[in-house]
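Novice:
Number of protein chains: 2
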Amino acid sequence: MNAQGDADGTRTVAEAAQTQAARPVTRGKPGRRPGGADTRQDILAAARTEFAAHGYENTSMRAIARSAEVNAALLHHYFGTKDQLFLAALDFPLQPRELTRRVIDGDRGGVGERLVRFAFGLLEDAASRERVLAVLRAAATNEQMARLLRGFMAGEVVGPIAAALDAPRPDLRAELAMTQVVGLIMGRYVLAVEPLASAPVEELVPLLAPTLQRYLVG
Amino acid sequence: MNAQGDADGTRTVAEAAQTQAARPVTRGKPGRRPGGADTRQDILAAARTEFAAHGYENTSMRAIARSAEVNAALLHHYFGTKDQLFLAALDFPLQPRELTRRVIDGDRGGVGERLVRFAFGLLEDAASRERVLAVLRAAATNEQMARLLRGFMAGEVVGPIAAALDAPRPDLRAELAMTQVVGLIMGRYVLAVEPLASAPVEELVPLLAPTLQRYLVG
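Chains A and B supply the protein sequences, listed in that same order.
Everything in the first sequence is counted per this note's numbering, starting at 1 for the first residue and increasing by one.
Everything in the second sequence is counted per this note's numbering, starting at 1001 for the first residue and increasing by one.
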């Protein structure tokens, strides 16, 4: 694990949260090509600023377009929907729609195992793990970032999974499953306690899957 | 929750880890009363420095006494054993011996519930929760602090609980239980996702206890 890389990622996100008030107004840059790499970076910077200032729920694509001084249609052309722009702005590798589809598609008895395998798919890859850890660290130490992640998780991850569960208290169920995944990330990849940190994925899947299965549909 | 208070606590611990190299050598302070409040603070400062520099496992009471320029007997008189000095230095409210005793004493079928109730006892109290969160945040963002907490957890928490479990792979079991507790802390108290953050303890205990029960002795 590259601890320095995480720290940089954390700093970038936290800085966006802290420096948004000081962001200069940059109207009418004359030499900028429309739709070039600068525009993309401007949109991402504006998205980080707006999300940090107002939270995920209260930030509209329209407000980001206005802040970046681009046409809303161009914003949609580049980044699609709000959740996709959020993920791009944070460089966060989780694709909530893929997660929801993977967890829900298939037999009900395999929900827990599919979720834990999806999590390991993300976490055993060094590059995506570093991005997940950077976002988690930022959320653990910065209340603005925690609020942002909370809004995103509620709207795009917990909500859709809960909606597909035919069981009482679906939101609480999805969140309990999330606590086990977050705890696994902390124990195996952040604190890196042994033997958990070195245990093979195939040993851990049958230990963790029943927990997620019970929380989600038990 | 007082986010500012956490940030301060985190900073204090992280600072101890970062500034240890720059700590001045303070030999023979002439006006210091032996055994006074200054001595206690000197010992705690020396303990933070030594633990941060060498990790929990590789720091001896003798080395801390030498660093604080006090008699080793005085150190033991003030703080008892190494784990107690560690907890005092980090202002960390977890009493691992009480935890181990509480979890192990009683019928085997109630291990999971006793552990989750112990955790809530610590976390539902605002003062001790803030200290737990400060240590967890520091460990999430500072590799030296993560190493320190890892050594302490392995030696004083996971080890004793594992030793009392009559089941295969006891260390891995105790660590899996730890991941669920840490994930609960992150989800309910740090990210504070709803409805998890506001759910009554008595609703959560029967949901979480079977997970811990299965990890520990299932």
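Cβ coordinates follow ideal geometry from the N, Cα and C atoms, glycine included.
(1) With distance defined between alpha-carbon atoms, name the residue in B:Ser1067, B:Asn1058, B:Val1157, B:Ala1140 nearest to B:Val1103.
(2) Assign A:Lys29 to buried or exposed, taking buried as 16 or more other Cβ atoms, counted over all protein chains shown, within 10 Å of its Cβ.
(3) Please classify B:Pro1200: is it buried, with 16 or more other beta-carbons within 10 angstroms of its beta-carbon, or exposed?
(4) Can you name the residues of chain B whose CB is closer than 7 Å to the CB of A:Glu175?
(5) If the cut is a Cβ gap below 8 Å, which residues of chain B does A:Arg137 touch?
(6) Can you tell me where the alpha helix (DSSP H) holding A:Thr100 begins and where it ends?
(7) Which word fits A:Thr81, buried or exposed, when buried means at least 16 other C-beta atoms lie within 10 angstroms of its C-beta?
(8) Taking the alpha carbon of B:Leu1222 as the reference point, which residue from B:Thr1100, B:Asp1105, B:Phe1079 has its own alpha carbon closest?
(9) Have a look at B:His1077 and B:Glu1194 and give me their C-alpha separation to the nearest angstrom.
(10) Find the residues of chain B that neighbour A:Gln213, judging by a C-beta separation of less than 7 Å, and give them in chain order.
(11) Below 8 Å, how does it come out for the segment 1083-1098 of chain B and the segment 1047-1066 of chain B: are there three or more Cβ pairs, yes or no?
(12) Listing by chain order, which chain A residues have their CB less than 8 Å from the CB of B:Pro1210?
(13) Near B:Arg1023, which residues of its chain fall below 6 Å by C-beta distance, leaving aside the five closest residues on each side in sequence?
(14) Excluding sequence positions up to five away, which residues of its chain have a Cβ less than 6 Å from the Cβ of A:Leu115?
(15) Using Cβ-Cβ distances below 8 Å, what residues of the segment 145-176 of chain A are close to chain B?
(16) List the residues of chain B that A:Val190 touches, going by C-beta distances under 8 Å, in chain order.
(17) Quick one, are the C-beta atoms of A:Thr179 and B:Leu1184 less than 8 Å apart?
(18) What does a CB cutoff of less than 6 Å around B:Val1182 pick up in its chain, not counting 5 residues either side in sequence?
(19) For B:Tyr1056, name the three-state secondary structure that DSSP assigns.
(20) Which of the residues in the segment 1117-1129 of chain B, read from start to end, lie with their CB under 9 Å from any CB of chain A?
(21) Using a Cβ cut-off of 8 Å, pull out every chain B residue sitting near A:Ala52, in sequence order please.
(22) Taking 8 Å as the limit between beta carbons, can you name the residues of its chain near B:Leu1075, skipping five residues before and five after?
(23) If we count the other Cβ atoms within 10 Å of its Cβ and call it buried at 16 or more, is A:Ala21 buried or exposed?
(24) Quick check: the Cα distance between A:Arg108 and A:Val217, rounded to an integer number of angstroms?
(25) Run down chain A in chain order and give the residues with a C-beta less than 8 Å from the C-beta of B:Thr1179.
(26) Since A:Gly151 contacts A:Gly55 with CB under 8 Å, what's their CB separation in whole angstroms?
(27) By a C-beta neighbour count over all protein chains shown, 10 Å radius and 16 as the cutoff for buried, is B:Gln1144 buried or exposed?
(28) Do you know whose CA, among B:Ala1192, B:Ala1127, B:Asp1083, lies nearest A:Arg147's CA?
(29) Start and end of the alpha helix (DSSP H) containing B:Asp1125?
(30) Consider the Cβ of A:Leu115: report whether some Cβ of chain C lies at a distance smaller than 8 Å.
(31) Anything in chain B within Cβ reach of A:Leu75, meaning under 9 Å, just list it in chain order.
(32) Measuring only the C-alpha atoms, how far is A:Ala134 from A:Leu94?
(33) Just to check my reading of the structure: A:Leu176 and B:Leu1207 have Cβ atoms closer than 8 Å, yes? What is that Cβ distance to the nearest angstrom?
(34) With H, G and I counted as helix, E and B as strand and the rest as coil, what does DSSP make of B:Phe1086?
(35) Report yes if the C-beta distance between B:Pro1096 and B:Pro1160 is below 8 Å; otherwise report no.
(36) Taking B:Ala1199 as the query, report the chain A residues whose CB atoms sit under 7 Å from its CB, ordered along the chain.
Specialist: Reading off the structure:
(1) B:Val1157
(2) A caution first: A:Lys29 carries a pLDDT of 47, below 50, which makes its placement in the model unreliable, though a value can still be read off. Burial call: exposed.
(3) exposed
(4) Gly1187, Val1193, Leu1196
(5) Ala1140, Thr1141
(6) 96-104
(7) exposed
(8) Shown here, chain B extends from 1001 to 1218; a query on residue 1222 of chain B therefore has no answer.
(9) 46 Å
(10) Those do not exist, as A:Gln213 stays about 11 Å from chain B at its closest Cβ, beyond 7 Å.
(11) yes
(12) Arg214
(13) With a pLDDT of 42 at B:Arg1023, under the threshold of 50, the modelled position of that residue is not reliable, and the figure given next carries that caveat. Cβ neighbours of B:Arg1023 beyond the five flanking positions: Thr1049.
(14) Val103, Leu212
(15) Ala146, Leu149, Arg150, Met153, Ala154, Val158, Arg169, Asp171, Leu172, Glu175, Leu176
(16) Ala1139, Ala1140, Ala1146
(17) yes
(18) none
(19) coil
(20) none
(21) By Cβ distance, chain B contributes nothing, its closest Cβ being about 15 Å from A:Ala52, past 8 Å.
(22) Ile1043, Met1061, Ile1064, Ala1065, Ala1068, Leu1085
(23) Only weak support is given to the placement of A:Ala21: the predicted model assigns it a pLDDT of 38, under 50, and the value that follows is read from those uncertain coordinates. With fewer than 16 Cβ atoms within 10 Å of its Cβ, A:Ala21 is classed as exposed.
(24) 8 Å
(25) Gln180, Gly183, Leu184, Met186, Gly187, Arg188, Leu196
(26) 5 Å
(27) buried
(28) B:Ala1192
(29) It is not in any alpha helix (DSSP H) - B:Asp1125 carries neither H nor E in the DSSP assignment.
(30) Going by chain labels, chain C is absent from the structure shown, which instead holds the protein chains A and B.
(31) Going along chain B, no residue has its Cβ under 9 Å from A:Leu75, so there is no contact; the nearest lies around 28 Å.
(32) 13 Å
(33) 6 Å
(34) helix
(35) yes
(36) Leu172
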